[in-house]
Amino acid sequence: MNFDQAHVIVLNGVQTMSLFSCLFLPFFCALVAWLLKAEESTSAGQKTEPDWSSPVLDRHGQGSSLFHTWAPSIKIATLLIAAFVIVSLHTLAWALTALFCCALCVELTGMSWTRPLRRLAALGGFLGMLVVIVPLTSPVQSGETVLVLPGLPEWPYSLAGAHLALTIVCKAMAVALLMEPMLATSSLPQTLQGFTDLGLPASLNQMILLCHRYIFVFQEEMRRMQRSMRVRGFVPRTNIATLRTMGSGFGMLFIRSFERTERVYEAMLSRGYQGSFPAEVRQKITNMDLVKGVLFIMIAAILLAGDRLLPLILF
Amino acid sequence: MHHMAVRPPVDDERTTLFSLRQLAYTYPDGTPGLRSIDLDIFPGDRVALVGQNGSGKSTLIRHLNGLFLAQAGRCSYQGELITEAMVQGLRQKVGILFQDPDDHLFCNTLYDDVAFGPRNQGRRPEEVERLVHHWLGEVELDQVMYKPAHHLSYGQKKRAALAAILAMEPEVLILDEPTANLDPRQEAVFRRLLEQFTGALIAIDHDLLFLYGLCERAVVLAQGQVHHDYSFQQLAAEPQALCEHGLDFTFRFTCCGQHYHHDQYHHHHHGTHEHEVAGAHLHGESQQTDPIIELQHYWYSYPDTTPGVSNINLSLFPGDTLALIGENGAGKSTLAHCLLGLHRPEKNEGFYLLEGRPLARQDYRQLWRRVGMVFQNAADQLFSPSCREEVAFGPEQLGLSKTEVRRRVEQALELVGLSGYAKRPPLHMSGGERKRLAIAATLSLEPEVLILDEPTASLDPRSEELLLQILADLPITKILVTHDLFFVRQLCARTVVLHQGRIIRDYATHEFLADEHLQVVNGLDYTYKNSCYQEIQALQGISLR
Chain A
1 MNFDQAHVIV LNGVQTMSLF SCLFLPFFCA LVAWLLKAEE STSAGQKTEP
51 DWSSPVLDRH GQGSSLFHTW APSIKIATLL IAAFVIVSLH TLAWALTALF
101 CCALCVELTG MSWTRPLRRL AALGGFLGML VVIVPLTSPV QSGETVLVLP
151 GLPEWPYSLA GAHLALTIVC KAMAVALLME PMLATSSLPQ TLQGFTDLGL
201 PASLNQMILL CHRYIFVFQE EMRRMQRSMR VRGFVPRTNI ATLRTMGSGF
251 GMLFIRSFER TERVYEAMLS RGYQGSFPAE VRQKITNMDL VKGVLFIMIA
301 AILLAGDRLL PLILF
Chain B
316 MHHMAVRPPV DDERTTLFSL RQLAYTYPDG TPGLRSIDLD IFPGDRVALV
366 GQNGSGKSTL IRHLNGLFLA QAGRCSYQGE LITEAMVQGL RQKVGILFQD
416 PDDHLFCNTL YDDVAFGPRN QGRRPEEVER LVHHWLGEVE LDQVMYKPAH
466 HLSYGQKKRA ALAAILAMEP EVLILDEPTA NLDPRQEAVF RRLLEQFTGA
516 LIAIDHDLLF LYGLCERAVV LAQGQVHHDY SFQQLAAEPQ ALCEHGLDFT
566 FRFTCCGQHY HHDQYHHHHH GTHEHEVAGA HLHGESQQTD PIIELQHYWY
616 SYPDTTPGVS NINLSLFPGD TLALIGENGA GKSTLAHCLL GLHRPEKNEG
666 FYLLEGRPLA RQDYRQLWRR VGMVFQNAAD QLFSPSCREE VAFGPEQLGL
716 SKTEVRRRVE QALELVGLSG YAKRPPLHMS GGERKRLAIA ATLSLEPEVL
766 ILDEPTASLD PRSEELLLQI LADLPITKIL VTHDLFFVRQ LCARTVVLHQ
816 GRIIRDYATH EFLADEHLQV VNGLDYTYKN SCYQEIQALQ GISLR
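Protein chains in written order, with the numbering used here: chain A, 1 to 315; chain B, 316 to 860.
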């Protein structure tokens, strides 16, 4: 490859390791999340049954933070706008600022960091690959700085590519973190009601709610069927017999699921269902909800303005 | 010629609640559901709707709630024909509780589930709030009001489903197998609430002893027709009618009774450990044979930390017939799953010994060749397109020859009385037949130990009697997990009573049956049914057994 026009820096082993230590931040997050999970399962024995006699917003989300008390529809609309703004950022510095803001939001919810970190861990593999592949595959531009890694002279590591990859990683992590205050600080029905208020069809809302309820029932049925197969000596292998058995099992599960949907529908009809779920008392939109919305939109606007205007002013 | 005894139709429909005339219904696949039903139900009636599986009971109650509309004949409510136009109003007055509580609980919390009906009735939010609190309190679930249904036990779901119906304050309450799989304590909650209910009550249940205390009138259905319609006492007093309809439950039951104490000291047949307290291990009675299975200080907790069983010491000898009994949630099924090796404890939380040898992780596959289990819901165990394939599944997994597989399939099907069913799809079989097929599927592995979890649940009396005969004839070690004391008495020589995950008694069944104070400890109050049984025997002029 010809990179005569580029500024070439040849790295030694230590420099390479330092570089990759920084770039593999997502993997580090994944490791932390894994450790937290391990910690959670070890201390599981000390957990007590939550108090189910009072309304619970979310398993992780009992609280009175500014997100918990925010009307779901305004909250979702505002944070969705913020998410789109974050995605549209171009510079690494402002993407990092956005990441910091989103982390602050999670902290403000007062909830455990376990779930957000697990979410980041799920993204970790993909983002890690991005950090490795984008800089190595970016076309080298004139005047650009490239790093030549020991033993890989044919694969220059483009710093512009790394910059781009890290910007994407920061934006992805920021949006992933934003999901927590947006979706986990209200109960699922309230969140879906918020979406419905924003224009999501009510029937889709109901379907999601029913799916959420019965996915556990079907999961349990599938688990029991697999257990029955296992105790009768079934070991899944890569052969036709296994495929046939799995096919029969899934077929039976499908038929039973279908039968259940009919029974559930009958039970709903018998209790007066007329095509829509009866309305609960909805959370009213207050001035404070609107103030919060304006505040967050302003923060998003500052991020966008800084991202777009600051480079123009400085350079 | 079968003797039929039905009431003459009432001329003035206005005095009746439901009036059915020549009602007929055929399912879309051509299966006849109902044929020429003539029936009147009056305000305040308490009707037991009985009959064998497939006799048309469920089809009939769906007409009463407007879920099915009459294809032929007429069905009216308070003199008004039930039509598409009036079903909305009807459903707000006629509550129906289906068998599977999961069908009723489709909202995100119990509160929403119970509020669903009253909200559909258009009640004001404050009234909905009051009703939800009242009825969840009545079924003793107010402490879990905001819990999602999938986190509840089966008994809790069943009670929540009843609360969801009662919160609508219906004029008519229809119940389909209300007490299936419930222990006597939970059954008592149902009985109390149903006795308090002042509207018309229509109940389908195979547990005729439960119905006997609750209903005054019995309507017997057979092949989609009303065969008998008279007082429950008359039905109970006619053993011939009961036999003709496969409802003879008088072959049942029971009795009860000593103070519970928990043995601090125990005996193991094989040494695996020592205790810090000297003398904790007792010298046991000398047995001629070693136990097949021995659990020593066995603990199991579910992944969500719910305790399953605690400190279980249990030995199972060849030829043992053992009953595991206890209230809902006592740990019976969990212990059965432990015996099957499905629930394995963490390290140092107990010993599982198979023929005296501790069971290693890699030995579990061998264990399943020797211990078979028929799970509570037979449908879970059946996934093949035909009975032959279902029964052949296990032997085929063992890699047996085709001839041997065929021999085992034929033998197993014959043992459970299903010869000739080889090509039938399990999906099209009745509950009792499915249960027997599940037993055949397990027996084809020729296990030494057979575990049956609630074998009689949802079976009609005829299927129960057949099952009893099959199990009595099986010459292998059997473990029954059940609430059914009749089956315990008939099939088991030994009874293990569980309470809150622990074994509180392990003694001979005849001692258990004489244990008068057991119910105080764990809600095994069978004395109510016992008194019903004695009354029925008196009606039939039979001396007490």
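The beta carbon of each residue, even a glycine, is placed where N, CA and C say it ideally should be.
Distance between beta carbons of residue j and residue i, contact taken as under 8 Å
i, j, result
"B/Val447", "B/Val429", "5 Å"
"A/Leu269", "B/Arg406", "7 Å"
"A/Asp307", "A/His90", "6 Å"
"B/Arg749", "B/Ala787", "Not quite, the Cβ-Cβ distance comes to about 20 Å (not below 8 Å), so this is no contact."
"B/Arg809", "B/Thr824", "6 Å"
"A/Phe218", "A/Ser257", "6 Å"
"B/Gly432", "B/Ala479", "6 Å"
"B/Leu713", "B/Arg684", "7 Å"
"A/Arg263", "B/Asp415", "7 Å"
Residue i, buried or exposed, once every other Cβ within 10 Å from all chains shown has been counted against 16
i, result
"B/Leu332", "buried"
"A/Cys211", "exposed"
"A/Ala318", "Since the first residue of chain A shown is 1 and the last is 315, residue 318 of chain A is not available in this structure."
"B/Val835", "Here the model assigns B/Val835 a pLDDT of 47, short of 50, so the residue's position is not dependable, and the following value carries that caveat. The residue is exposed, with fewer than 16 neighbouring Cβ atoms inside 10 Å."
"A/Leu290", "exposed"
"A/Phe275", "With the sequence shown as reference, residue 275 of chain A is identified as Gly, and Phe is not the correct amino acid for it. Result: exposed."
"A/Ala267", "buried"
"B/Ser370", "buried"
"B/His798", "buried"
"B/His419", "buried"
"B/Gly634", "exposed"
"B/Thr330", "exposed"
"A/Val294", "exposed"
"B/Glu531", "exposed"
"B/Tyr617", "exposed"
"B/Gly735", "exposed"
"B/Asp344", "exposed"
"A/Phe67", "buried"
"B/Ser391", "buried"
Own chain partners of residue i with C-beta closer than 7 Å, once the 5 adjacent residues on each side are dropped
i, result
"B/Glu395", "Met401"
"B/Ala727", "Val706, Ala755, Leu758, Ser759"
"B/Thr494", "Glu502, Phe505, Asp520, Asp522, Phe525"
"A/Leu198", "Ser73, Ile76, Ala77"
"B/Tyr342", "Gly348"
"B/Leu655", "Val686, Met688, Ile766"
Straight-line gap, residue i to residue j (C-alpha atoms, nearest Å)
i, j, result
"A/Thr286", "A/Cys101", "24 Å"
"A/Val106", "A/Thr97", "14 Å"
"B/Gln548", "B/Val534", "12 Å"
"B/Arg438", "B/Met688", "49 Å"
"B/Cys570", "B/Glu826", "Any reading at B/Cys570 must be qualified, since the residue scores a pLDDT of 42, below 50, and its modelled position is unreliable; no value is offered."
"A/Thr191", "A/Lys75", "9 Å"
"B/Arg262", "B/His658", "Residue 262 of chain B is absent from the structure shown; chain B starts at 316 and stops at 860."
"A/Val132", "A/Trp94", "22 Å"
"B/His612", "B/Ala638", "20 Å"
"B/Leu354", "B/Val796", "39 Å"
"B/Leu783", "A/Gly247", "34 Å"
"A/Arg237", "B/Ser630", "36 Å"
"A/Ala165", "A/Ser142", "19 Å"
"B/His466", "A/Val146", "56 Å"
"B/Leu477", "B/Gly732", "37 Å"
Neighbourhood of residue i by C-beta distance below 6 Å, restricted to the same chain and skipping five residues each side
i, result
"B/Leu813", "Gly641, Ala645, Gly646, Lys647"
"B/Asp457", "Leu451"
"B/His652", "His658"
Same chain only: Cβ atoms within 8 Å of residue i, ignoring 5 sequence neighbours per side
i, result
"B/Ile376", "Leu364, Ile411, Ile489, Asp491, Ile517, Ile519"
"B/Leu536", "Leu364, Val365, Gly366, Ser370, Gly371, Lys372, Leu375, His542"
Against chain B: residues of the segment 257-270 of chain A by CB proximity under 8 Å
Arg260, Arg263, Val264, Glu266, Ala267, Met268, Leu269, Ser270
Residues, ordered as in the chain, of the segment 192-203 of chain A that lie near chain B by beta-carbon distance below 7 Å:
none
Report the residues of the segment 241-253 of chain A with a CB closer than 7 Å to any CB of chain B, ordered along the chain.
Residues passing the 7 Å Cβ filter: Ser248, Gly249, Met252.
For the segment 73-85 of chain A, list every residue whose C-beta sits within 9 Å of some C-beta in chain B, in sequence order.
none
If the cut-off is 8 Å on Cβ atoms, which residues from the segment 432-461 of chain B count as contacting chain A, listed in chain order?
Gly432, Arg434, Asn435, Gln436, Pro440, Asp457, Gln458, Val459, Met460, Tyr461
Within 8 Å of chain A by C-beta, residues of the segment 669-700 of chain B in sequence order:
Of all residues in the segment 669-700 of chain B, Arg680, Trp683, Arg684, Gly687, Met688, Phe690, Asn692, Ala694, Asp695, Gln696, Leu697, Phe698, Ser699, Pro700 have a Cβ within less than 8 Å of some Cβ in chain A.
According to a CB-to-CB cut-off of less than 8 Å, which residues of the segment 750-772 of chain B neighbour chain A?
Answer in chain order: Ala756, Thr757, Leu760.
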